[in-house]
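Peer 1:
2 protein chains.
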Amino acid sequence: MREVAAVAGVSLSTVSRVVNGGEGVRADLAGRVRDAVELLGYRHNVTASSLRRSDGLTASIGLIFEDVSNPFFSLIHRGVEEVARERGVLTFAGSSDEEPERERKLTEAFGARGVDGLIIVPAPHDHSYLLRDRAAGTPIVFADRPPGFIDADHVVSDNAGGAATAVEHLLAQGHRRIGYLGDRPEIFTAAERLRGYRAALERRGIEEDVALVRHPRFRGEGAYEITLDLLGADRPPTALFTSQNLITIGAVRALHDLGREHEVALVGFDDVVLADVLTPGITVVAQDPRELGREGAALLFSRLDGYRGPSRHTVIPTTLIVRGSGELPPPAA
Amino acid sequence: MREVAAVAGVSLSTVSRVVNGGEGVRADLAGRVRDAVELLGYRHNVTASSLRRSDGLTASIGLIFEDVSNPFFSLIHRGVEEVARERGVLTFAGSSDEEPERERKLTEAFGARGVDGLIIVPAPHDHSYLLRDRAAGTPIVFADRPPGFIDADHVVSDNAGGAATAVEHLLAQGHRRIGYLGDRPEIFTAAERLRGYRAALERRGIEEDVALVRHPRFRGEGAYEITLDLLGADRPPTALFTSQNLITIGAVRALHDLGREHEVALVGFDDVVLADVLTPGITVVAQDPRELGREGAALLFSRLDGYRGPSRHTVIPTTLIVRGSGELPPPAA
DNA sequence: CTGAAAGCGCTTACAG
DNA sequence: CTGAAAGCGCTTACAG
Chain A
1 MREVAAVAGV
11 SLSTVSRVVN
21 GGEGVRADLA
31 GRVRDAVELL
41 GYRHNVTASS
51 LRRSDGLTAS
61 IGLIFEDVSN
71 PFFSLIHRGV
81 EEVARERGVL
91 TFAGSSDEEP
101 ERERKLTEAF
111 GARGVDGLII
121 VPAPHDHSYL
131 LRDRAAGTPI
141 VFADRPPGFI
151 DADHVVSDNA
161 GGAATAVEHL
171 LAQGHRRIGY
181 LGDRPEIFTA
191 AERLRGYRAA
201 LERRGIEEDV
211 ALVRHPRFRG
221 EGAYEITLDL
231 LGADRPPTAL
241 FTSQNLITIG
251 AVRALHDLGR
261 EHEVALVGFD
271 DVVLADVLTP
281 GITVVAQDPR
291 ELGREGAALL
301 FSRLDGYRGP
311 SRHTVIPTTL
321 IVRGSGELPP
331 PAA
Chain B
1 MREVAAVAGV
11 SLSTVSRVVN
21 GGEGVRADLA
31 GRVRDAVELL
41 GYRHNVTASS
51 LRRSDGLTAS
61 IGLIFEDVSN
71 PFFSLIHRGV
81 EEVARERGVL
91 TFAGSSDEEP
101 ERERKLTEAF
111 GARGVDGLII
121 VPAPHDHSYL
131 LRDRAAGTPI
141 VFADRPPGFI
151 DADHVVSDNA
161 GGAATAVEHL
171 LAQGHRRIGY
181 LGDRPEIFTA
191 AERLRGYRAA
201 LERRGIEEDV
211 ALVRHPRFRG
221 EGAYEITLDL
231 LGADRPPTAL
241 FTSQNLITIG
251 AVRALHDLGR
261 EHEVALVGFD
271 DVVLADVLTP
281 GITVVAQDPR
291 ELGREGAALL
301 FSRLDGYRGP
311 SRHTVIPTTL
321 IVRGSGELPP
331 PAA
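From first to last, the protein sequence lines stand for chains A and B.
Residue numbers are given in my numbering: position 69 of the first sequence equals residue 69, and the series is strictly consecutive.
Residue numbers are given in my numbering: position 49 of the second sequence equals residue 49, and the series is strictly consecutive.
1) Can you list, in chain order, the residues of its chain whose CB lies under 6 Å from that of Val33 (chain B), leaving out five sequence neighbours each side?
2) Can you give, in chain order, each stretch of the beta strand (DSSP E) that sits fully within the region 176–255 of chain A and has at least 3 residues?
3) Suppose you measure from the CA of Phe149 (chain A) to the CA of Val46 (chain A); what does that come to, to the nearest Å?
4) Do you know whose CA, among B:Arg104, B:Leu228, B:Asn70 and B:Ala166, lies nearest Thr318 (chain B)'s CA?
5) Please decide whether Val264 (chain A) counts as near chain B, where near means a Cβ-Cβ distance under 7 Å.
6) How far does the beta strand (DSSP E) with Gly62 (chain A) in it extend, from its first residue to its last?
7) What are the start and end residues of the beta strand (DSSP E) that includes His313 (chain A)?
8) Between which two residues does the beta strand (DSSP E) harbouring Asp28 (chain A) extend?
9) Closest to Leu63 (chain B) by CA distance: which of B:Ser54, B:Leu57, B:Asp133 and B:Phe73 is it?
10) Could you tell me which residues DSSP puts in a beta bridge with His154 (chain A)?
11) What does Gly148 (chain A) pair with, by DSSP beta-bridge criteria?
12) If we cut at 7 Å on Cβ distances, does Arg334 (chain B) have a partner in chain A?
13) Give me the DSSP bridge partner(s) of Val285 (chain B).
14) So with CB distances below 7 Å, who are the chain A contacts of Val68 (chain B)?
15) CB Val272 (chain B) to CB His169 (chain B), shorter than 7 Å?
16) I believe Leu255 (chain B) touches Arg219 (chain B) by the beta-carbon criterion, under 8 Å. Please report the beta-carbon distance rounded to the nearest angstrom.
17) Strictly below 8 Å CB to CB, what residues from chain B border Asn159 (chain A)?
18) Starting from the Cα of Val322 (chain B), find the closest Cα among B:Gly281, B:Val315 and B:Glu208 and give me that residue.
19) Among the candidates A:Ile206, A:Ser49 and A:Val252, whose CA atom is the shortest distance from the CA of Thr279 (chain A)?
20) When the Cα of Thr238 (chain A) is compared with those of A:Asp229, A:Thr248, A:Glu263 and A:Val315, which residue comes out closest?
21) Of all the residues that make up the region 21–53 of chain A, which are near chain B by a beta-carbon distance shorter than 8 Å?
22) Could you spell out the range, first to last residue, of the alpha helix (DSSP H) harbouring Leu90 (chain A)?
23) Determine which residues share a DSSP beta bridge with Gly117 (chain B) and list them.
24) Can you give me the C-alpha to C-alpha distance between Val68 (chain A) and Ser13 (chain A), rounded to a whole angstrom?
25) Taking the C-alpha atoms as reference points, what is the distance between Arg258 (chain A) and Leu292 (chain A)?
26) Indicate whether His77 (chain A) and Ala93 (chain A) have their beta-carbon atoms separated by less than 7 Å.
27) Nearest CA to the CA of Ala40 (chain B): which residue from A:Ala298, A:Arg132, A:Ile249 and A:Glu186?
28) Hey, is Ala109 (chain B)'s beta-carbon within less than 7 Å of any beta-carbon in chain A?
29) Residues of chain A with CB under 9 Å from Ile249 (chain B), in chain order?
30) Just the Cα atoms here: how many angstroms apart are Ile140 (chain B) and Arg176 (chain B)?
31) Tell me which residues share the same chain as Asp276 (chain B) and place their Cβ nearer than 6 Å to its Cβ, disregarding the 5 neighbours each side in the sequence.
32) Between which residues of its own chain and Gly196 (chain B) is the CB-CB distance below 6 Å, once the five residues before and five after are set aside?
33) Out of B:Leu118, B:Ala265 and B:Ala223, state which residue places its alpha-carbon closest to the alpha-carbon of Thr283 (chain B).
34) Closest to Glu108 (chain B) by CA distance: which of B:Leu75, B:Leu90, B:Ile61 and B:Asp153 is it?
35) Does any CB atom of chain B fall closer than 7 Å to the CB of His125 (chain A)?
36) Have a look at B:Glu101, B:Ala136 and B:Glu186 and flag the residue whose alpha-carbon is nearest the alpha-carbon of Pro146 (chain B).
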């Protein structure tokens, strides 16, 4: 910058003004500065800039996912990026691997680099350690799940509503014995989906059969085993609601191996690639992770734009996609 | 930091030394500093730190993908992250959407934030504009494809070798008319895979039938149409080599709709979720995107560690995964 | 081993 | 409209 000033024959102040938009600088001086910038290949240093700026903003935000390579999270990432891009804001991303310790380290690393805000897919634990950062002026938004032990802006899918829709769809085909395969309810989304399953049954006056509600220990393989187990039982379910992606895949694999994919109905939560190439196609309740990201970013930027009100909790709707597996009727009995 | 110094009753220099590892500071002073850090909840500001540091490093690197939400790229991202994490280095990520202009903007944005290095999945165009950044000391590594018009470190999959393996596998089943569906050869990976296809045929002394080599305009849909077209022709292929993910899916969908998935052999390039639930399972040549990322990061960090030699070009091997579709024999004819 | 001082690249009152 | 000066939070020779 000093070089630019020298070449343009102006002061540092003037160069700074031009580089930052050029308000109130005479046109000829501004022109000389821009020429010098071009000539010298000057690159503005935003980290030095933000150090001295009154607002201290760095035009970057931090994103923490369970795993950046999980397609669900990478679509959230994309959604955030789309909104951030319009504002010239860059995104840092990191994987917590669902470990509280690592999540904490990432927030510190982001903080030390002066991010303007944080969007976090929280690991299930106490997030009150973030209160200090928030008090220090860094807005924080949680996505996909609410934080533990603190109140904060967050955006989640309509897990309970979507699950209820899935189960009601099966009920409408005449099914009364509907198996539930899902993660343990320690996980927020799993608990919500189980709640939706129960609510749908209850509205129909159907009593829950605890033998039909199962939590595979390992998603893919476990779901495979449990599906075999459920269908081999004395009073098997006539339909399955699989409440997570990999669980859906495991269950579908089991149905195909048994050759019963045309007999046992199935609706999954979350969409799956190739779901429409299989016969029957897999009926699912799809989430909209990109929208989750866009909305999370919107909440964050509204804080950066000065919103000071109470925390907001946005729910993104889900969509039933009918493809065949969920429309199989129960056996004539 | 000033506060910490005041509370601990030492100078700024001493606090800085302790915060940066504490070499050559008396134990009691160091202890007082650490207590003060704890007490005040001091957060080190790495952006201010790097501004003054002799090496000017910020412990962050920039990643540019075509699209962060594409599972292939997000696995590269993950691989890079794994290596970077061990060094306490953070990653910025952005999507170029394959637009040269946007790629350029991202490199500038990263540069303005003082990243220590760049890993780029290049859009196909002239990358000589990056020479200035590299000359300024920012190492750059290209992943998945080499850059245009400049020589630089890069890591790519064995596209030609993998394609040849796929085609040889089909030849070994007795196929002689093998259709090729792939992106236009302007794309580096597509050109390489076509080269592998041709090399395999040539080694068997089979002359290429240009009618069998097709480039769908839109990956999924286009591949679907072209598959119908190819199989309806006078002298149809008995096997297909689909050289890209979405193209594989489109072609498989077409085979299933025609009810000919057990007649026409198919090998795809790149693995596909649920490929083993379909009947027959889809035989593929799989890439290892995570390894692409890990190796790209290794190249970058070796530069940061002082490597000054000529540019290196690493090739990551592919793996044939046999699942059924690629083992179908040609009709007895 | 410790501290006072200079300075990294920039922005921003302030005076002119 | 323009520039000289102070200072953002930190590191690093330098002297002691």
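Glycine included, each C-beta is placed from N, C-alpha and C at the ideal position.
Peer 2: Taking the coordinates as given:
1) Along the second sequence, one-based indexing puts residue 33 (chain B) at 33. Same-chain partners within the cutoff: Ala8, Val15 and Val18.
2) 178–181 and 239–242
3) By 1-based counting over the first sequence, the position of residue 149 (chain A) is 149. By 1-based counting over the first sequence, the position of residue 46 (chain A) is 46. Rounded to whole angstroms, Phe149 (chain A) to Val46 (chain A) spans 36 Å at the Cα level.
4) Here residue 318 (chain B) corresponds to residue number 318 of the second sequence, with the count starting at 1. Comparing Cα positions, the closest option is B:Ala166.
5) Position 264 of the first sequence holds residue 264 (chain A). False, the Cβ-Cβ gap to chain B never drops below 7 Å.
6) For the purposes of this step, residue 62 (chain A) is identified with residue 62 of the first sequence, where counting begins at 1. Segment Ser60 to Phe65, the beta strand (DSSP E) holding Gly62 (chain A).
7) Taking the first sequence and counting its residues from 1, one reaches residue 313 (chain A) at position 313. His313 to Ile316 is the span of the beta strand (DSSP E), which, as asked, contains His313 (chain A).
8) Looking up residue 28 (chain A) in the first sequence gives position 28. Run containing Asp28 (chain A): none in the beta strand (DSSP E); it sits in the alpha helix (DSSP H), Ala27 to Leu40.
9) Within the second sequence, the letter at position 63 stands for residue 63 (chain B). Nearest C-alpha to Leu63 (chain B): B:Phe73.
10) The residue labelled residue 154 (chain A) in the question sits at position 154 within the first sequence. A:Phe142 and A:His313.
11) Translated into the one-based positions of the first sequence, residue 148 (chain A) becomes position 148. DSSP lists A:Asp126 as partners of Gly148 (chain A).
12) Not covered by the structure: residue 334 (chain B). The range shown for chain B is 1 to 333.
13) As a working note, residue 285 (chain B) is residue 285 in the second sequence. Val285 (chain B) is bridged to B:Phe269 and B:Leu320.
14) Here residue 68 (chain B) refers to the residue found at position 68 when the second sequence is read from its first residue. Residues of chain A passing the Cβ test: Ser74, His77, Arg78 and Glu81.
15) As a position in the second sequence, residue 272 (chain B) is number 272, starting the count at 1. As a position in the second sequence, residue 169 (chain B) is number 169, starting the count at 1. No; because the gap between Cβ atoms is not below 7 Å, this pair is not in contact.
16) For the purposes of this step, residue 255 (chain B) is identified with residue 255 of the second sequence, where counting begins at 1. For the purposes of this step, residue 219 (chain B) is identified with residue 219 of the second sequence, where counting begins at 1. Contact flag wrong, Cβ pair sits at about 16 Å.
17) Here residue 159 (chain A) refers to the residue found at position 159 when the first sequence is read from its first residue. Neighbours of Asn159 (chain A) on chain B: none; closest Cβ ~21 Å, over 8 Å.
18) As a position in the second sequence, residue 322 (chain B) is number 322, starting the count at 1. When each option's Cα is compared against that of Val322 (chain B), the closest is B:Gly281.
19) As a working note, residue 279 (chain A) is residue 279 in the first sequence. Considering only alpha carbons, the answer is A:Val252.
20) Walking along the first sequence from the start, residue 238 (chain A) turns up at place 238. Closest by alpha carbon: A:Glu263.
21) The residues in question are Gly41, Arg43, His44, Asn45, Val46, Thr47, Ala48, Ser50 and Leu51.
22) Here residue 90 (chain A) is taken as the residue at index 90 of the first sequence, counted from 1. Looking at the DSSP string, Leu90 (chain A) is not in any alpha helix (DSSP H); the run it does join, the beta strand (DSSP E), is Leu90 to Ser95.
23) The residue given as residue 117 (chain B) occupies position 117 in the second sequence. Answer is B:Ile61.
24) In the first sequence, residue 68 (chain A) corresponds to position 68, counting from 1. In the first sequence, residue 13 (chain A) corresponds to position 13, counting from 1. Going from the Cα of Val68 (chain A) to the Cα of Ser13 (chain A) covers about 42 Å.
25) In the first sequence, the residue the question calls residue 258 (chain A) occupies position 258. In the first sequence, the residue the question calls residue 292 (chain A) occupies position 292. Per the sequence shown, residue 258 (chain A) should be read as Leu rather than Arg. Cα to Cα, Leu258 (chain A) sits roughly 37 Å from Leu292 (chain A).
26) The sequence position of residue 77 (chain A) within the first sequence is 77, counting from 1. The sequence position of residue 93 (chain A) within the first sequence is 93, counting from 1. Yes, they are a contact pair.
27) Mapped onto the second sequence, residue 40 (chain B) falls at position 40. The question names Ala, but residue 40 (chain B) is Leu in the sequence shown. With distances taken between Cα atoms, Leu40 (chain B) lies closest to A:Arg132.
28) On the second sequence, residue 109 (chain B) is found 109 positions in, with the first residue counted as 1. By this cut-off, Ala109 (chain B) is an interface position.
29) In the second sequence, counting from the first residue as 1, residue 249 (chain B) sits at position 249. Here the neighbours are Val273, Leu274 and Val277.
30) Residue 140 (chain B) sits at position 140 when you count from the first residue of the second sequence. Residue 176 (chain B) sits at position 176 when you count from the first residue of the second sequence. Going from the Cα of Ile140 (chain B) to the Cα of Arg176 (chain B) covers about 43 Å.
31) Stepping through the second sequence from its first residue, residue 276 (chain B) is reached at position 276. Contacts found: Arg323.
32) For the purposes of this step, residue 196 (chain B) is identified with residue 196 of the second sequence, where counting begins at 1. Ala160, Ala163 and Ala164.
33) One-based indexing of the second sequence puts residue 283 (chain B) at position 283. Among B:Leu118, B:Ala265 and B:Ala223, the Cα nearest to that of Thr283 (chain B) is on B:Ala265.
34) Looking up residue 108 (chain B) in the second sequence gives position 108. When each option's Cα is compared against that of Glu108 (chain B), the closest is B:Ile61.
35) Here residue 125 (chain A) refers to the residue found at position 125 when the first sequence is read from its first residue. At a cut-off of 7 Å between C-beta atoms, His125 (chain A) does not count as an interface residue with respect to chain B.
36) By 1-based counting over the second sequence, the position of residue 146 (chain B) is 146. The shortest Cα separation from Pro146 (chain B) among B:Glu101, B:Ala136 and B:Glu186 belongs to B:Glu186.
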